[in-house]
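Novice:
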Amino acid sequence: MNTPTNTDDIIDSRDVIEAIDTMRYCCDGADEALDFAALVKFAAEGEDYAPDWAYSTALIRDSYFEEYAQELAEDIGAIKADAGWPCGYIDWERAARDLQMDYTCVDFDGVTYWTR
């Protein structure tokens, strides 16, 4: 199992669900109890904003969102990954901010993640 932490760049909601189900019955110690509580809170907030939470929703760490925006542009064919021009002149920070307008932010133990 891949237990999500708030240092992950991208988290799949199915991993959060699985981690909660596993930890519910075998938390050992205060640290794991705190991790469990943080995951439960994160899941509750994520479920409120992501209609496909149970089936797979990506949660993107705020500090990674600019890189995510560039990868998404490559994946959908908006740009070519190996193109130097004009990609080297794109304001990815601004592009990421614009993309975030379609996303909602959720908190994972003090770290912002974006989902839709």
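Reminder that position 86 of the sequence shown reads as 86 in full-length UniProt numbering, one-by-one numbering, no gaps. Backbone N, C-alpha and C define an ideal beta-carbon position, used for all residues, glycine too.
Select from ASP35, ILE60 and CYS26 the residue whose C-alpha is nearest the C-alpha of GLU102.
Specialist: The sequence shown places Asp at residue 102, not Glu. Considering only alpha carbons, the answer is ILE60.
Novice: Which stretch, first to last residue, makes up the beta strand (DSSP E) that contains TRP53?
Specialist: Premise fails: TRP53 is in no beta strand (DSSP E) and is neither H nor E.
Novice: Could you tell me which residues DSSP puts in a beta bridge with THR104?
Specialist: DSSP, once it has assigned bridges, lists THR115 as partnering THR104.
Novice: Going by DSSP in three states, ILE20 sits in which element: helix, strand or coil?
Specialist: Here ILE20 sits in helix by DSSP.
Novice: Thinking C-alpha only, which one of TYR89, GLN70 and ASP91 is nearest ALA81?
Specialist: Nearest of TYR89, GLN70 and ASP91 to ALA81, Cα basis: GLN70.
Novice: Check whether the Cβ atoms of TRP53 and GLU45 lie closer than 8 Å to each other.
Specialist: In this structure, GLU45 does not lie closer than 8 Å to TRP53 by Cβ.
Novice: Hey, could you find the ends of the beta strand (DSSP E) ASP12 is sitting in?
Specialist: Unbroken beta strand (DSSP E) run through ASP12: 10–12.
Novice: Going by alpha carbons, who is nearest to THR115 out of PRO86, THR104 and CYS87?
Specialist: Of the listed residues, the one whose Cα sits closest to THR115 is THR104.
Novice: Between GLY84 and ALA33, what straight-line distance do the alpha-carbon atoms span, to the nearest angstrom?
Specialist: When rounded, the distance between both Cα atoms is 48 Å.
Novice: Bridge partners of LEU59, per DSSP?
Specialist: Partner(s): ILE11.
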